[in-house]
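The sequence shown finishes on residue 352 if you use our numbering, and the numbering steps up by one all the way, no holes. All remarks here apply to the structure that follows.
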Amino acid sequence: MGNALSLLTEAQLQEYLNQTPFTKPELGKILQKYATYDKSGKNVQGIHPEILENMPEFLLNPLASCIIAHFTDDSTGLIFPANWISMFSDLSSKAHIDQKRALLWNLVDYHGTGKLQYEELWRFYKFLFGVALTEDQILELVIEKLHDPGLQEKGELSREEWDNSVSDREIIERLTIDFNYE
């Protein structure tokens with residue numbers, strides 16, 4: 171544990187302790203888990219997303235590839251310690267529901283436009299229901315959601331409208347993964 175934490179500056183450690191639900195020993199274990207996949211010895215090489223997709227915690231989660239893509243560095247296609255810790259934090263059962271809501275919004279609004287339209291909803295519902303529903307059924311869900319008479323703008327959902335349409339229970343069920351970092 172000491173070796174894993176020694177890779178962080180004191181300022182970084184304090185920032186993680188303030189911004190995540192983890193204790194110092196838990197952060198050490200999380201970084202040790204990272205080090206088992208990053209073979210550089212200094213946690214600088216990065217982890218390929220495929221490794222995470224094969225972790226037992228992700229195997230049965232329909233949002234796994236969406237979640238992993240969110241925490242993958244765009245320029246390298248790898249996952250580095252900061253994103254690893256953020257992922258553990260956001261998905262932890264210790265995370266506040268608002269943190270999970272923010273993660274869900276970021277997963278769905280992957281273009282960062284602040285609104286959801288056809289493409290974003292289709293992609294998200296395909297991840298979520300792709301095995302259980304046909305494409306026609308997914309299309310029906312998207313159209314129904316985008317043509318809801320209660321929307322401020324027909325054909326798009328704001329963050330508030332999206333948040334109001336997804337229950338806390340559903341978010342907790344879909345976005346809680348307590349990783350085995352022992």
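Positions of the beta carbon are idealized from the N, C-alpha and C atoms, including for glycine. Please read these numbers as outputs of a predicted model, since none were measured by experiment.
Quiz prompt | Nonlocal neighbours in the same chain, by C-beta distance under 7 Å from S262, ignoring five residues either side | solution = Same-chain partners within the cutoff: P191, D348.
Self-check item: Continuous alpha helix (DSSP H) assignments of at least 4 residues falling wholly in the segment 216-272
Solution: The alpha helix (DSSP H) runs of length 4 or more contained entirely in the segment 216-272 are, from start to end of the chain, 219-223, 226-229, 234-240, 251-261.
Quiz item: For L316 versus E326, is the C-beta spacing smaller than 8 Å?
Solution: The answer is yes: Cβ separation under 8 Å.
Quiz prompt | Cβ distance (whole Å) where L353 is taken to contact L183 below 8 Å | solution = Residue 353 falls outside the range modelled here, since the chain spans only 171 to 352, and no answer is possible.
Quiz prompt | Local conformation of K285 per DSSP, three classes | solution = K285: strand per DSSP, three-state reduction.
Quiz item: Are L274 and V312 touching if we call contact CB-CB under 8 Å?
Solution: A distance of 8 Å or more separates the beta carbons of L274 and V312.
Quiz item: DSSP three-state call for S328: helix, strand or coil?
Solution: DSSP places S328 in strand when its eight states are reduced to three.
Quiz item: Roughly how many angstroms lie between the CA atoms of N350 and F258, to the nearest whole one?
Solution: Distance between the alpha carbons of N350 and F258: 10 Å.
Quiz item: What does a CB cutoff of less than 7 Å around R344 pick up in its chain, not counting 5 residues either side in sequence?
Solution: Counting only Cβ-Cβ distances below 7 Å, and skipping sequence neighbours, we find L233.
Quiz item: Where does K391 land, buried or exposed, given buried means 16+ other C-beta within 10 angstroms?
Solution: Since the first and last residues shown for the chain are 171 and 352, residue 391 lies out of range.
Self-check item: Same chain, Cβ closer than 8 Å to P226, five either side skipped, listed in chain order
Solution: If you ignore the 5 residues before and after P226, its C-beta comes within less than 8 Å of the C-beta of N350, all in its own chain and listed in chain order.
Practice problem: With DSSP as the reference, please indicate the residues paired to E323 in a beta bridge. | Solution: Answer by DSSP bridge pairing, in chain order: E326.
Quiz item: Thinking just about the alpha-carbon of each residue, which of D279, L277, D260 is nearest to the one in K270?
Solution: Nearest C-alpha to K270 among D279, L277, D260: D260.
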